[in-house]
Amino acid sequence: MNNSKKKRILFLKPPDRFQENEFVYQQLGPHFLQSYLEKFGILSDILVLYETEEVRSLRGKGEINEMTLDVLSMLFLSADGKSKDMPFDRSIFQGYDIIGFSVMSPQASDAYLIIQMINKLYPQITTVIGGSHPRYYRTQVESLPESMAFDFIVPQDGWIPMLKIANGEIRKTRKSQVIIDNSLKLSEIPAPTRPISLMKRYNSEIAGVPAYHTITALGCPFTCNFCESGRENVRNFSGGMIDEDLKVMAESHQILNHTKKAVMFFDDVGLMNPKQVEKLSNIVSSHGYNTWRAFTHAYLVVRFKEKLLSPFFETGGRRIGMGLETGSQRTLDLINKRNGKKQLVQEHFEAVKIANDLGIAVDAFTMIYPWEDEQDLADTTEMVKQIALNPVNGVDEKGRTMKNNVDSTIMTPYQGTEFFDMIQNGQLPGVEMDPQLGVESLFFKGNNAGSGWCYIKSRLPKERYEEVQALRNSFRPKYK
Ligand code: B12
Ligand code: SF4
1 MNNSKKKRIL FLKPPDRFQE NEFVYQQLGP HFLQSYLEKF GILSDILVLY
51 ETEEVRSLRG KGEINEMTLD VLSMLFLSAD GKSKDMPFDR SIFQGYDIIG
101 FSVMSPQASD AYLIIQMINK LYPQITTVIG GSHPRYYRTQ VESLPESMAF
151 DFIVPQDGWI PMLKIANGEI RKTRKSQVII DNSLKLSEIP APTRPISLMK
201 RYNSEIAGVP AYHTITALGC PFTCNFCESG RENVRNFSGG MIDEDLKVMA
251 ESHQILNHTK KAVMFFDDVG LMNPKQVEKL SNIVSSHGYN TWRAFTHAYL
301 VVRFKEKLLS PFFETGGRRI GMGLETGSQR TLDLINKRNG KKQLVQEHFE
351 AVKIANDLGI AVDAFTMIYP WEDEQDLADT TEMVKQIALN PVNGVDEKGR
401 TMKNNVDSTI MTPYQGTEFF DMIQNGQLPG VEMDPQLGVE SLFFKGNNAG
451 SGWCYIKSRL PKERYEEVQA LRNSFRPKYK
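Sequential numbering from 1 applies to the sequence shown in this note's numbering.
Structure, rendered in structure tokens:
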């Protein structure tokens, strides 16, 4: 018998306390699961926990020191489309049969606070944790004390495990159960839900136009040693799903009276080859987007030049993201971006120039690495400066001259990355991580563009790296 329709299901997104701004981009995991369950007639609500700007600023000033749930706010998005924004109130949980937490590592400490409370007050509720935190920190989640234990741990794809939990096919027992089922083809999944009361909270812009984001694939064909996706094969979503998602996001822009609309593709395989870019460009333009942004790679821009970028530009593409990582060839070799194939720093400069000459601005991502000496730092700072100053041959939708933007963070090696393992095994001389590491240091783009610090030993002192980071960040443009 299927009792699923009677079960009350809540997906919970813990706050992003380490982000500069909570409402940058929607956390898509729960929205993908919500639409999939809906296909089977199973409805679910979503709860977005967040800090108001006021609380965030008080915490920034040190006036709030404790990470408590009481300072949080919550945006409740009911399955029927209604929404409610209110201060944190734990009684909201009591009516639910199943609560599914979607957790990235920086959200883990809040997820643990909440599970502790639910286990104590509402032990009858079935609790599930999914997302990138249980994927990469599975052993930590599996060894949580009983008071913080989840009934189900879903470290990989959530679609089938969540369906089975929701329709009662698998039930909770006294011990946590790890459920892995990646058998669902990505071509079979529906587009994520885009509740309008959530969409209206997001205030990101691309080239001066309100923007939402989506992804075209999971995993990645590249092999950067600092990234978890470097070990995961790429799996593409279907063109049909992307088309549907772009349609729904375009409608959201319309409903919210945005006179112009933009979309950003967040995965690292957005612009890979001329044929694929043309296909994606056609989908984007068929929904009337004014501008869009996607990620590509320096060697691909150098290899295909305007063949790669023209379809993008002609359909409004004005900004590309590129992980340039570093201006130090020594560090770039260590990163091993292309699975043993050489990537040259010189290609970074060339790619930026090609894009800028075509009227496309570059959002570049660079990091400081804990083995770097003064020469490595100087090489990257020079690259950052040159990119920041390189003129872009065009204006954005507001008529402003476009500018390149370079992100400068300090690398945090997450569990599940090559660098994490290399540091643990002593393969990066002079670098040691703090074994007592708390999740509060696991971020690299936080408040005031700062980074966490997880090292007890590094080539140069933390202060020196932070000084260089601040200098590089001073080149960032006022708008992008
Ligand atoms: C878009 C994106 C962002 C966006 C949006 C945030 C978001 N959470 O969506 C922004 C820019 C805000 C962002 C920020 C950060 N990000 Co980010 N981001 C991504 C990216 C590229 C796509 C996320 C996505 O939409 N995935 C698609 C959905 C479908 O996948 P999913 O969320 O994993 O959900 C699936 C399963 O995990 C599972 N699942 C998820 N939730 C639940 C819940 C239940 C109950 C169940 C059963 C299953 C389940 O089911 C889903 C379907 O299979 C991923 C890489 C990736 N490909 O996933 C990185 C990624 C998630 N980000 C990462 C990181 C490190 C960060 C930052 C820390 C970086 C920083 N700035 O310092 C911040 C942290 C923000 C915070 N929470 O405080 C890491 C996370 C590593 C980790 N250990 O958690 C990832 C994996 C990238 C990487 N390889 O390094 N990110
Ligand atoms: S950093 Fe980007 S390109 Fe490198 S492995 Fe991760 S997702 Fe792929």
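Where is the CB? At the ideal position from N, CA and C, for every residue including glycine.
- Note on Arg174: under 16 other CB atoms within 10 angstroms of its CB, so exposed under the neighbour-count rule.
- Linking Gln177 to Ile153 through their CA atoms gives a straight-line distance of about 6 Å.
- Residue side-chain check: Ser229 places its Cβ nearer than 8 Å to a non-hydrogen atom of ligand 2.
- When secondary structure is reduced to three states using DSSP, Glu325 falls in the strand class.
- Per DSSP, the unbroken alpha helix (DSSP H) holding Tyr36 starts and ends at 28 to 39.
- Beta-bridge pairing by DSSP links Ala217 to Asn236.
- Using a C-beta cut-off of 8 Å, the stretch 403 to 422 makes contact with the stretch 463 to 479, since at least three inter-stretch Cβ pairs fall below that distance.
- Along the stretch 244 to 321, the beta strand (DSSP E) occurs as fully enclosed runs of 3 or more residues at 262 to 265, 291 to 296, listed in sequence order.
- In summary, Leu389 is exposed, with fewer than 16 beta-carbon neighbours lying within 10 Å of its beta-carbon over all protein chains present.
- Judged by the Cβ position, Phe40 fails to qualify as a neighbour of ligand 1 at the 8 Å threshold, every heavy atom of the ligand being at least this far.
- Beta-bridge pairing by DSSP links Thr127 to Ile99.
- For Ile206, the pairing in a beta bridge is given by DSSP as Val209.
- Checking the 8 Å criterion, the Cβ of Val103 is within range of a heavy atom belonging to ligand 1.
- Secondary-structure assignment with DSSP links Thr412 through no beta bridge to anything.
- Burial is judged here by how many other beta carbons sit within 10 angstroms of a residue's own beta carbon; Ile180 has fewer than 16 and is exposed.
- Here Tyr455 is bridged, per DSSP, to Met433.
- For a cut-off of 8 Å, the C-beta gap from Val468 to Ile360 is around 28 Å, too long to register as a contact.
- Apart from the 5 residues on each side of it in sequence, Ile423 sits with its Cβ closer than 8 Å to the Cβ of Pro413, Val431, Glu432, Met433 in its chain, given in chain order.
- Look at the beta carbons and you see the stretch 122 to 129 not touching the stretch 27 to 39: under three pairs across the two are nearer than 8 Å.
- The straight-line gap separating the alpha-carbon atoms of Gln19 and Gly452 is approximately 11 Å.
- For Lys172, the Cβ stays outside the 8 Å cut-off from all heavy atoms of ligand 2.
- Ala378 is positioned such that its CB atom lies no closer than 9 Å to that of Glu347.
- Going by beta carbons, Leu77 and Val48 fall inside the 9 Å limit.
- Judged by pairs of C-beta atoms under 8 Å, the stretch 183 to 200 does not touch the stretch 220 to 233, as fewer than three such pairs exist.
- For Asp268, the closest of Gly288, Trp371, Phe150, Arg338 by C-alpha to C-alpha distance is Arg338.
- About 15 Å separates the CB atoms of Pro30 and Asp110; that is not less than 8 Å, and the two are not in contact.
- In the structure shown, the three-state DSSP call for Phe152 is strand.
- Between the stretch 301 to 315 and the stretch 266 to 281, the count of C-beta pairs closer than 8 Å reaches three or more; the two stretches touch.
- By the Cβ-count criterion, Ile98 is buried, with 16 or more other Cβ atoms from all chains shown falling within 10 Å of its own Cβ.
- Annotation: the continuous beta strand (DSSP E) that includes Ala364 extends over 361 to 368.
- Judged by DSSP secondary structure, Leu69 falls outside any beta strand (DSSP E); it is assigned neither H nor E.
- A distance of 9 Å or more separates the beta carbons of His258 and Gln26.
- If you look at Ser57, you'll find it in the alpha helix (DSSP H) that goes 53 to 60.
- Cβ neighbours of Thr223 within its own chain (closer than 6 Å, five residues either side excluded): Gly230, Asn336, Asn339.
- With at least 16 other beta carbons inside 10 angstroms of its own, Asp396 counts as buried.
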